[in-house]
Amino acid sequence: MAPILFVAPAAPAADAERDSDRVRTLSIAYVNDIHAQLEPHPELFWNERTDERVRGAGGLSRIKTAFGRLAETRPHLLRIDGGDTFQGSGPGAWTEGGVMVRPMNALGIDYAIPGNWAVAYGADRLVELSEQLNYPLLSANIYDAATGELAFEPYRVQEINGVRVGLIGFTDPDVPTRQPPYMSRGLSFRGEEVLQPAIDKLNSGEGVEGGPVDVLVLVTHIGLMKSVELAETLRGVDVLLSSDTHERTYEPIVRGETWVVEAGAFGSLMGVLDLSVRDGKIVDRRWELLELRAENYPEDPEVKAIVEEELAPHRDRMDREIGRTGVWLERYNVMSSPLDRMIADAIREEADAEIGLSNGYRFAPPTAPGPVTEGDLWNWLPTPLPLKLGGATGAQLKAYWESEFENVFSADPDRLFGGWLARPSTNVHVDFNSTGPAGERLIGIAVDGEPLEEDRVYKIAAGARDGQPEDQIHRVKQCRNVRIEDATTHDAVRNLLKRSSPVTETGEPPLHCVIRPDVLRSQFLNPKFRALADGEQGPEQNAPR
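Our numbering applies: residue 503 is where the sequence shown begins, and numbers increase by one.
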């Protein structure tokens, strides 16, 4: 990859000398984890005040409408994208993200950061895409592995309504292990040690043209729990815009002077943060999470037309029917979901295995009853993987599940890894306690109604992840008699739909937490994830308007 040099941009000068008695306002409109969902789609909504319901929502055209409405009442508006923008759909994969460029450029985005899936099409392609955007990607911790230079600008300073705003980007440093290693080849990732020096530099103004910033915004793609941990350890951050875990923070999480927020996914929601600043200090702030429902946000015709033009070459492939479903297929559950039960069963049947395993992916909006299309399949599984089959003992499977529980439910943010819990086929039943200590959460496992035998070898199957050890299936290590099948995860699902359409049921949830409901919309069960820390007063400006 060619070296990329960073030159810090100069901040615009203030138009007039600032009046210390005047309160100046600015706003941030925030979206994250769009996952190449260009068009409107069904969306499942829930919060503490309403029952769960599915509504039409999202689409880049509705994001544009929401931005426009906000700009009418908030003339000093920053529009920020938290990453994972180019991956997550068939057209995204077929064009290596190119289908997103024109529509995203039409939204008026000011800044964005790379997400963990930004490398889905390789490091060179990420750089190519970034050069086609009309807004900068910021990341303080992604480096060119060959030159040691920053791959992107680490921060920007912008003066808006007389307020100097510093924005720093931070991408998950686990990308080389979360994603197949070949994807990020050519890049190196550093950890949170890069952040405090950058924050201190912007807050002090040392070496920064125009002097210190008034408001420091950190945009992270590491997940909500890790972002809250950063807010507790870093000094000098006013706002932390989180992404990656698709969490919906209807109220901000407050840690000292830092507000942490995340705005869902798929362009179905948008966060709005209003800040009032006097004499370089925030004196008031308000957060609202908007649901971009069809009945409230019509599509912007210009962006809709651009999206239709970009999708036109792919429309026949997207709309090709591969089956039908009589039930909603969704994956909005930390532990189990109808969609993933179907996928894991498809893998098991295609590979003629005793146990099928599927990833705990978070992406893909719900699929409505009716036709199932090739586009739906690519939303569910944007990367088709060859099936991998082999043997693992009951003892290995127990160790595997304990590791999975720690990845998802650890009280230590540094030990959280990947998506939600792995999904087993529905002939498996796993009981566990999510609050138990590491290595002691598993209560019991049954396969086909029989207790798991530690010494018995079970035939297991999953998608083969490029770069993993040859004897590893999913994250089950040291399997025996491993082989790669000709069929892929896509073949498995297509064949199941041929046999079983319309899908009328997807079996009982195979994962059961004995202290939690079977439907768990958020993985953050630690008491620290109440909106406020113990004993902390909630600011009055928390209330939605």
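Backbone N, C-alpha and C fix where the C-beta goes; we use that ideal spot for every residue, glycine too.
8 Å contact criterion, which E852 and D993 should meet: CB distance rounded: 7 Å
Cut-off 6 Å between Cβ atoms - residues of its own chain near P1011, not counting five sequence neighbours on either side: S838, D1020
Proximity to R604 [Cα-Cα], best of A807, C1015, G558: A807
For L792, three-class secondary structure by DSSP: strand
Assigned secondary structure, N643 (DSSP; H/G/I helix, E/B strand, else coil): coil
Alpha-carbon spacing of L639 relative to A614, whole angstroms: 5 Å
Residue ranges of each alpha helix (DSSP H) within the segment 574–624, 4 or longer: 592–596, 603–607
Minimum Cβ-Cβ distance from P915 to chain B less than 8 Å: Absent from the structure is chain B; it holds one protein chain and no more.
H992, enclosing alpha helix (DSSP H) - first and last residue: 991–1002
Range covered by the beta strand (DSSP E) that runs through Y902: Unbroken run through Y902 is the alpha helix (DSSP H), 896–911; no beta strand (DSSP E).
According to DSSP, residues forming a beta bridge with L771: E793
Local Cβ density within 10 Å of E574, reported as buried at 16 or more and exposed below that: exposed
DSSP state of S690 mapped onto helix, strand, coil: strand
Distance between V710 and I536 (C-alpha atoms, nearest Å): 33 Å
Segments of 3+ residues assigned as beta strand (DSSP E) that fall wholly inside the segment 917–1001: 930–934, 944–949, 959–965, 982–990
Backbone CA spacing between P939 and D950 [nearest angstrom]: 28 Å
Reduced DSSP secondary structure (H/G/I, E/B, other) of A700: helix
Minimum length 3: unbroken beta strand (DSSP E) runs contained in the segment 726–751: 741–744
Own chain partners of F919 with C-beta closer than 6 Å, once the 5 adjacent residues on each side are dropped: N909
Per DSSP, cross-strand counterpart(s) of K783: R780
Cβ-based neighbour list, A855, same chain, cut-off 7 Å, excluding 5 preceding and 5 following: L891, K961, I962, A963
Where T735 falls, given that 16 or more other Cβ within 10 Å makes a residue buried: exposed
Nearest-angstrom beta carbon gap, E541 and G561 [assumed within contact, 8 Å]: 5 Å
Check whether E952 and A924 have beta carbons under 8 Å apart: no
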